[in-house]
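Below you'll find the structure, written out as structure tokens, and then a few comments.
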Amino acid sequence: MNKVKVKINEQFVEIDHHLTILEAAKELNIDIPTFCHDERLNPTGSCRMCVVEVEGARNLMTACSTQVRDGMVVKTHSTPVIEARKGILELMWANHPNECLTCEKAGNCKLQDYSYQYDIDPDSLYPRLDSRKYFDDTNRFYTLDSRKCILCGKCVQICAELQVNGAIGFEDRGIDTRISIKQNEEPTDGVIDPYTCVSCGNCVNNCPVGALMPKSKEKFRNWEVKKVKTTCPYCGVGCQFELVVKDNKVVRVDPVKGGTNDGLLCVKGTFGYKFINHPDRLTHPLIRKNGEFVKVSWDEALDLIVEKIKETKDKYGANALAGLSSAKCSNEENYLMQKLVRAGFGTNNVDHCARLCHASTVAGLATTLGSGAMTNSISEIDGTDTFLVIGSNTTETHPVIGSMIKQRVKKGAHLIVCDPRQIELAKMADVHLQIKPGTNVAIANGLMHVIYQEGLYDIDYIDKNTTCFKDLIEVIKDYTPARVAKICGVSENDIIKAARLYAKVNKAAIYYAMGITQHSHGTNHVKSMANLALMTGNVGKESTGINPLRGQNNVQGACDLGALPNVYPGYQAVTDVNIQKKFEEAWGVKLSNEVGHTLPIMMNDASNQDIRLMYIMGENPMVSDPDTNHIKKALTNLDFLVVQDIFLTKTAELADVILPAVTYAEKDGTFTNTERRVQRIRKAVEPQSDTRPDWEILTDVMKRLGLKADYKTVEDVFNEITSLTPIYAGFDYQRLNENGMQWPCPSNDHPGTKFLYSDGFTKLGKAIFTPIHFMGPKENPDHDYPLILTTGRTLYHFHTKTMTDRVEALKQTLPNNFIQISLNTAKQYQINHNEFVLVSSRRGTSKAKVQITDTINDGVVFMPFHFADGANMLTNPALDEICNIPELKVCAVKIEKC
Amino acid sequence: MQFYRAHVLICGGTGCVSSKSHELKAEMEKELKALGIDNEVQIVMTGCFGLCEAGPIVIVYPEGTFYSQVKIKDAKRIVTEHLYKGRIVKDLLYYESIQQDKIKAVNEVDFYAKQKRIALANCGVIDPENIDEYIALDGYQALIKVLTQMKPEDVIEEIKLSELRGRGGAGFPTGLKWDIASQYKDDMKYVCCNADEGDPGAFMDRSILEGTPHSVLEAMAIAGYATGAKKGYIYVRAEYPIAVKRLQIAIKQAKEYGLLGEDIFDTNFSFDIEIRLGAGAFVCGEETALIESIEGKRGMPRTKPPFPAEKGIWGKPTLLNNVETFANIPLIILKGGEWFSKIGIEGSKGTKVFALGGKIKNTGLVEVPMGMTLREVIYDIGGGCPNGKEFKAVQTGGPSGGCLTKEHLDTPIGYDNLVKLGSMMGSGGMIIMDEDTCMVDIARYFLDFTCEESCGKCTPCREGTKRLKELLDRFCTGKGTFEDLDRLESLAYYIQDNSLCNLGQSAPNPVISTLTHFRDEYLAHVVDRRCPTGVCKALLQYTITDKCIGCGSCAKVCPQECIEPVGKVINEKTNRRAYVIDHTKCIKCGACIEACPPKVSAIITQ
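The listed protein sequences derive, respectively, from chains A and B.
Under the numbering used here, the first residue of the first sequence is numbered 1, with each subsequent residue one higher.
Under the numbering used here, the first residue of the second sequence is numbered 1001, with each subsequent residue one higher.
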């Protein structure tokens, strides 16, 4: 790279020739004022605030857009520069309401700060204008007050270039120019319209003045708050943001640039914090006495729990106890939960909701590649040439990753979307394979067939890194595009086109989620993805890989920390004697080497009374698990149920003891995001009322059971984790502090691992091709239940809505359970748009509002799984034999009028 | 091919079309048919002749009889008298012929005599909707020459040799631009024709497109060959329906003849052209805003660099030239760059088309060699100000140009000369102002335009032009102060220095040039609260003179009731007094003047 030497204000700096004067000045810690600049955006030079004097130039130059030249001499604060900046500020100020006195932005407003810095006369130099009298109040999350807008255009650019929605534009021209946002005023019912605001708030978060402001009832001044950096508690992207706190209350969320999300957030991240202080929060331990929940002391509650644990264990044996850990809780807490179950209960009956989402990933990838996690990193999206997004509605389920994929596609990368619905990404895809739900293996085999026939596979890579390729060829040779087209309901040409787009580029990456995993052959679906990637040499290289997008903030961590019935933390098998010995020594108790039961089996056990006591931490199986009626039967059959949560969930309603825990904002710890990055969470507010962090509660229970648990802080727990978990061995809070680190990290001088398998498949020796034949879902439409139901998450809610239902604006945005249905199918059943219908399967019935859409095929319907008495009343609990994931994505249903 | 004994050319430019030249043609055809001579006389709808003032224009060949302002009812006379009986209809001739009682062919009248037509050569000569007529006048010969005998670098060399500079306004050397554009390598490159003629009053680009669309297509293909581009865009405003239609026809015909499309003349050069319609925003004439608009975005300028030659349409290298620039190319190729460079003066070669407008006798389009003086253009060709009024100033370069005065009339027209005087060539608008024009008001008029047309992107232009306009409003309404005058001047220079694109940078030019050349008029508005020309209504003062007979008609109609008989005594006996207007209340509605008996006419404005 060419370095050039530049002189700025008598100081010299040597920097890359493609950088700008602004960046050069930054190197020298010289502050140049800007309004429209953002290092993530293309410079527009529109505000003209950053002008500087460049020797030899006719006019002042904008530092944000002018590249440095060798020998350039720049003055950033000379008299003409100061005068020019003052001119801008005077012009802006004269067309801006003089409302700093009451403006919420005061103290955090660039116009205010610069006006102070540059001595702007508060009595405007020009007659006061109010040319932009426009107030947009229609969005539920924020307002646009055009009067305060200085038209820097950052919001327009952020929406177009970073969020890639293009919902914001300029309207009118000249002095009347103003910002205009395409709003969706109706409740969305899960529809994301193109060019319509998705309320991500990225514009709001970057508005330099008070024009775009979050709707908030909190009154606070920006100088009264403290800011605490932490990790978002929603999906697995692991966005970094700061909680803005006043008087022990979170009043705003500010994104953090530079990390995982580089300053981007989604609607839930930006605006979904109000559940923290919600009056519905559980405040005291509760014990069910005569059918009623009664407030009790912690001692009473914990003593009862310990008594029941001992009693049940004595009476029915250790395997009659089980614990459900939580993908929402921290790594430390998951570690403690599995420790409590293993060391305290004496069984390996510990599991968590990963069983319902990525159990097949862990099983499928660990056996073919070595590790069951995303091979590559989020930041590598920016180098990918072709994306295959399969079974992931990324822009709704992992919105920030969705935006990053969109950014890359806009820069010219190819996009193949494989999904039964025309999801948002499908609209910008080169090919959309709108397959029948459950036909992933067929489509993967079809793609591989074309790649093989056309010689687009990477034979050198295959020879060097893999085994069993010949077996694969035997299977895929039967999957001609014609046959696959028929199975999947897509066109032959699209299969061929997609295969070429995927195989012909240098760096192709697969991104997938529940559409692949939640099937009765989910493990095989995952292995098919591995086959496809291995065949084209797309594993072990930057910007490629097989990337399962993890759904929960810490579902990766919960798996990593052994909240699984077959492994200790770090995927160390419970059946391995040496491992068992290591943990027995560390924990000072005898441990079981019998693999525990998985979540669905536990539920069966409970309904059979093989399991008598269950301790559920931060999970809501009454809504999240398939076949709600079955789950209800199971849980009510228990002798004793402990639920530890932040709200009274549907599951908590069935508990014997409820323990009030705290939210992510009230505790310290770590989350591991989807790209294996372990990131800090930090306490921003003190726990409310009589609530306690989960890790403290668990520690207390362990102590009362007589286990060794001398943790003074949560960091002590983490240090115990690193001493026992090789993939986490090199971490400590200090190292994680800045941007977190990615496992595997075997030692404290190891930098962490950006992408896996860069030096081959060391764990298995070679990656393994698994020949797989297509097998359909367990339940297919028939005369009685003629429609295929598929399920999923939406943008505005998270899982069982425990948190998002307590954020009023989110709740209003998507208030009802809905069912998406094609026009033809709707006609067939004579049902209308917005009408409520009854949807039934062999297992139950659910009510939903009809949404007729052209994004779904005839005969297929879609329902979100957030709502109690919703999709999971209908879903099929049929399990994948290998990993026990239920077939949540496909079942047969019928529709009747209400 | 059929032969005719006479050809009638009727102007089909926008100006004449709006004075019903289409209907005129139909009427004449009807008359010809009635007389049974429709196979002896051919009527051709041509492009603009330029002398729009005299439209609709009809010219009869072979002798070149020049009829002007022909009405539909005149069709019958021209057909029966001239075309049937061979007698010229004298009273319909152009006024010069009538005045001088001498039948003048079109090229003999003063308006055309001093012109030299290169870009407009075919306008008013050929049927623009017939490619054969263009080909008959050596059309597409230049493209053949280029493709068969010249290497791309030779073409660029020839253009450089011609010293042609961009006719869109900035005057960047065309050859150099082509050279730079040819240097950038990419899988796709574009040639783009800027036909977003935004200056009010300028219409040379429209006339070229309407009159000789193939010249532009041919030139674009040549440019494509020279710079390595395979695709061209013409960005033309939707308000030019005739130009758009003729371009569409021309592109279709050129493709049918294999002059556009794949493998032109069996060379392996392919070039295709697509039309993009603009929506009439002035800023879209700015090259980067134009590119944004072609890409389907809101037309807002981008920062430069990168220049379009490096990153233009869809981020690919793009050569952008204006219509008139392109129109010069075929002749430069055919006759050689040296031929072209012999026309004009140092730094400004060839000819330039100007649109004469405002207070001038011969409103219209003229093409003159560079270096001709303003005086020659305004007086010899334009005929000076009408009604014997005195010339005061000329605004060159459109709304963002500057005003020049009498002292500048002998300046030879050229890019650098005009800039030196604080104005510019621009696209060639030339608005003439006479003694009745208020220069403050004119500056306000132009600012009104640029203020309205600012795209709103950068602060100095968006907010600043509005403030300039506000200040000018103050002067025009008598509220201006010396402080305002200082602010006006400093803000004007501020906007010039700090705006993002050329629109903002040049928007203050009318203010700066009027302040430079007509400061006394500003001072009159400030010090005397007086508009010397009487244009600024708010500064008029209604006064009742000594002629007042005290009839009181004025007082009766005054809506403000601000006229009272408090003047000097007119009639001692009756003690009747003259009426006086209270200026603090007067709203200058003029009702009193209307009411004052015509014989008396006692009320005047000052």
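Where is the CB? At the ideal position from N, CA and C, for every residue including glycine.
These figures come from a predicted structure and were not determined experimentally.
- Residues of chain A with a Cβ closer than 7 Å to the Cβ of B:S1400 do not exist; the shortest Cβ-Cβ separation is about 15 Å.
- Taking a C-beta cut-off of 9 Å against chain B, none of the residues of the stretch 561-582 of chain A qualify.
- The closest CA to that of B:Y1225, considering only B:A1119, B:I1333 and B:E1295, is found on B:I1333.
- Taken through DSSP and simplified to helix, strand or coil, B:C1461 comes out as helix.
- Listed by position along chain A, the residues whose Cβ is nearer than 8 Å to that of B:A1281 are R173.
- For A:I601, the closest of A:S199, A:R178, A:V350 and A:G71 by C-alpha to C-alpha distance is A:V350.
- Nearest Cα to A:N506 within the set A:Y457, A:A167 and A:A513: A:Y457.
- Contacts with chain A at 7 Å (Cβ-Cβ) do not include B:S1021.
- For the stretch 1291-1320 of chain B, the residues whose beta carbon sits under 7 Å from a beta carbon of chain A are, in order, R1298 and T1303.
- Comparing C-alpha distances from A:T283 to each of A:A809, A:V296 and A:E292 shows the shortest one belongs to A:V296.
- The beta carbon of B:S1506 sits no closer than 7 Å to any beta carbon of chain A.
- Cβ atoms of B:C1016 and B:G1124 stay farther apart than 8 Å, at about 10 Å.
- Between A:H358 and A:P548 a beta carbon distance of about 6 Å is seen, short of the 8 Å cut, so the two are scored as contacting.
- Counted as a single uninterrupted DSSP element, the alpha helix (DSSP H) harbouring B:K1420 occupies residues Y1415 to K1420.
- Nearest neighbour of B:G1036 by Cα position, chosen from B:T1080, B:A1221 and B:E1483, turns out to be B:T1080.
- Comparing C-alpha distances from B:G1201 to each of B:G1358, B:D1380, B:Y1542 and B:V1394 shows the shortest one belongs to B:G1358.
- Chain order gives no chain B residues near A:N554, where near means a beta carbon separation below 8 Å; the closest approach is about 41 Å.
- Listed along the chain, the chain A residues whose CB falls inside 9 Å of the CB of B:T1148 amount to none; the nearest CB is some 37 Å away.
- By the beta-carbon neighbour count (other beta carbons within 10 angstroms, threshold 16), A:R128 is exposed.
- A:L433 sits in a strand when the DSSP states are folded into three classes.
- Within chain A, L151, F170, R173, G174 and T177 have C-beta atoms less than 7 Å from the C-beta of B:G1456, given in sequence order.
- With a 10 Å radius around the Cβ and a threshold of 16 neighbouring Cβ atoms, A:T800 comes out buried.
- Chain-ordered listing is empty here: chain A has no CB closer than 9 Å to the CB of B:T1481, the nearest sitting near 13 Å.
- Distance check between B:V1394 and each of B:E1096, B:F1282 and B:F1518 places B:F1518 closest, using alpha-carbon atoms only.
- Between A:Y126 and A:A160, the gap from beta carbon to beta carbon reaches 7 Å or more.
- Sixteen is the threshold: since fewer than 16 other Cβ atoms of the shown chains lie within 10 Å of the Cβ of B:L1176, the residue is exposed.
- Bridge partners of A:N876 according to DSSP: A:E887.
- Of all residues in the stretch 1445-1469 of chain B, the ones placed with a Cβ closer than 8 Å to any Cβ belonging to chain A are C1451, E1452, E1453, S1454, C1455, G1456, K1457, C1458, T1459, P1460, R1462, E1463, G1464, T1465, K1466 and R1467, in chain order.
- For the stretch 1485-1507 of chain B, the set of residues with a beta-carbon nearer than 7 Å to any beta-carbon of chain A comprises Y1494, D1497, N1498 and L1500, in chain order.
- The beta-carbon separation of B:R1167 and B:Y1233, rounded to 18 Å, does not stay under the 8 Å limit for a contact.
- Judged by pairs of C-beta atoms under 8 Å, the stretch 1285-1296 of chain B touches the stretch 1310-1322 of chain B, as three or more such pairs exist.
- DSSP places A:E584 within a helical segment (H, G or I) once states are collapsed to three.
- Take A:A498, set aside five residues on each side of it, and the residues of its chain with a beta-carbon closer than 7 Å to its own are I416, V431, L433 and L447, in chain order.
- Proximity of the stretch 1552-1561 of chain B to the stretch 1521-1530 of chain B falls short of the contact definition, fewer than three beta-carbon pairs being nearer than 8 Å.
- For the pair A:G545 and A:G391, the CB atoms are not nearer than the 7 Å cut-off.
- Taking the beta carbon of A:V893 as reference, no residue of chain B falls within 7 Å; the closest one sits roughly 43 Å away.
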